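To start, the structure itself, in structure tokens.
Number of protein chains: 2
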Amino acid sequence: MPAEQHPGRQGIRKIGAQAERIDSDLAAIRHAMRKPAEAEFAQAGLTVPQTALMRAVVLQNGVSLKELSRQLSLAHSTVSGIVDRLEGRGLLVRHNDPQDGRISRIHPAPEVKEFLRTQLPALTQGPLQAALKRAKPRERNAIEQTLRRLRQLLEEARSPAV
Amino acid sequence: MPAEQHPGRQGIRKIGAQAERIDSDLAAIRHAMRKPAEAEFAQAGLTVPQTALMRAVVLQNGVSLKELSRQLSLAHSTVSGIVDRLEGRGLLVRHNDPQDGRISRIHPAPEVKEFLRTQLPALTQGPLQAALKRAKPRERNAIEQTLRRLRQLLEEARSPAV
DNA sequence: ATACGATACGTCGTATACGACACATAATGA
DNA sequence: TCATTATGTGTCGTATACGACGTATCGTAT
Chain A
30 MPAEQHPGRQ GIRKIGAQAE RIDSDLAAIR HAMRKPAEAE FAQAGLTVPQ TALMRAVVLQ
90 NGVSLKELSR QLSLAHSTVS GIVDRLEGRG LLVRHNDPQD GRISRIHPAP EVKEFLRTQL
150 PALTQGPLQA ALKRAKPRER NAIEQTLRRL RQLLEEARSP AV
Chain B
30 MPAEQHPGRQ GIRKIGAQAE RIDSDLAAIR HAMRKPAEAE FAQAGLTVPQ TALMRAVVLQ
90 NGVSLKELSR QLSLAHSTVS GIVDRLEGRG LLVRHNDPQD GRISRIHPAP EVKEFLRTQL
150 PALTQGPLQA ALKRAKPRER NAIEQTLRRL RQLLEEARSP AV
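Going down the list, the protein sequences come from chains A and B.
Each residue of the first sequence is one higher than the last, beginning at 30 in the numbering used here.
Each residue of the second sequence is one higher than the last, beginning at 30 in the numbering used here.
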């Protein structure tokens with residue numbers, strides 16, 4: 030039997046307790062980031078996911094649903110629903126791709142386009158960015174590195190080195 | 030127009046870009062943690078939030094809704110809905126507190142109680158714990174420290190020393 | 001004792017969020 | 001050519017998730 034995994038002699042129990050604490054922190058982080066922090070675009074009546082989606086659409090005119098789904102790490106059906114509501118409000122439009130009939134390309138509505146392009150720098154991340162400003166540069170980098178690593182660890186699960 | 034020859038100090042723009050990357054990572058982490066990773070209790074038909082709630086209820090028999098809401102970092106209405114469904118399945122029961130009529134104390138259903146108490150160690154966090162096992166102890170600690178710090182930074186915003 | 005604010009919970013409407021399924025279109029192979 | 005497979009969306013059912021509102025109960029001041 031080869032050498033065991035990384036946990037080594039630090040037992041599973043300890044990792045379990047640590048996982049609970051981390052899970053709790055992640056939940057709190059999610060919760061805190063849900064509110065647009067009274068940001069300027071909350072006044073426009075947009076939720077956080079709607080804002081993120083609008084942002085992506087404005088930056089990448091004519092992006093496909095699949096691509097949006099990938100970028101936002103959301104299921105395509107979820108993105109489809111968000112697009113539905115924004116389209117219903119007249120903030121977005123769907124166009125069929127002339128080359129590939131399967132794809133529906135998503136564009137900002139003409140009126141909104143100009144407005145958003147000028148406003149974009151202002152309506153950034155909100156609570157997260159505010160939090161980062163409170164941190165020291167060293168801390169900011171630690172946060173970014175660590176989250177990337179955790180993401181990597183979680184996504185490694187998919188392909189367990191078959 | 031002399032573009033940015035010398036960025037000078039690290040301005041808001043840089044933090045904004047960093048915030049975007051972190052936001053993207055957080056979304057991916059959330060996404061990856063949503064799936065119980067084909068864990069043992071997925072077979073029981075429980076979602077991740079339901080599992081977390083059951084876990085809390087089993088460990089703290091007769092916990093109140095408010096307390097659950099606090100521990101899970103969820104709105105009380107959300108917790109109420111989850112309890113509704115679990116109660117509908119016969120996994121939980123609500124009892125009125127005899128001391129304080131406002132409080133409804135939540136207990137595991139008698140049959141489930143015994144079963145879960147023995148199974149609890151096995152059905153832990155799932156994807157998160159699996160990911161942590163893949164990390165070195167040093168990395169695990171870094172993740173915990175960093176997430177706690179980010180949570181703290183985010184929660185500092187709420188109460189400006191009222 | 002009674003009024004009144006605070007607290008705990010339930011309910012409602014809406015917006016995510018997912019997987020499963022259906023369908024149209026594209027790409028491939030026989 | 002034409003069947004088969006793969007891909008991109010849309011839709012449906014269900015489960016979160018929240019804020020707003022209503023209601024019952026508790027604590028407290030009058």
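Heads up, the beta-carbon is just placed ideally off N, CA and C, and yes, glycines get one too.
All values reported here derive from a predicted model rather than from experimental measurement.
Item                                                                                                              : Value
Straight-line Cα distance separating residue 133 of chain A from residue 86 of chain B                            : 46 Å
Stretch pair the segment 97-105 of chain B + the segment 75-85 of chain B: three plus CB contacts closer than 8 Å : yes
Simplified DSSP state of residue 170 of chain B, which is helix, strand or coil                                   : helix
Residue 122 of chain B versus B:182, B:93, B:131 and B:159, residue with shortest Cα-Cα distance                  : B:93
Neighbour-count burial assignment, residue 164 of chain B, 16 or more Cβ in a 10 Å radius                         : buried
Burial state of residue 155 of chain A (16 or more Cβ within 10 Å)                                                : buried
Chain B contact residues for residue 185 of chain A, given Cβ-Cβ distances below 8 Å                              : 160 and 163
Terminal residues of the beta strand (DSSP E) in which residue 121 of chain A lies                                : 121-125
Residues sharing a beta bridge with residue 92 of chain A, DSSP                                                   : A:135
Assumed close pair residue 51 of chain B, residue 157 of chain A - CB separation to whole angstroms, cut-off 8 Å  : 6 Å
Chain A contact residues for residue 126 of chain B, given Cβ-Cβ distances below 9 Å                              : Those do not exist, as residue 126 of chain B stays about 25 Å from chain A at its closest Cβ, beyond 9 Å.
C-beta atoms of residue 120 of chain B and residue 137 of chain B nearer than 8 Å                                 : yes
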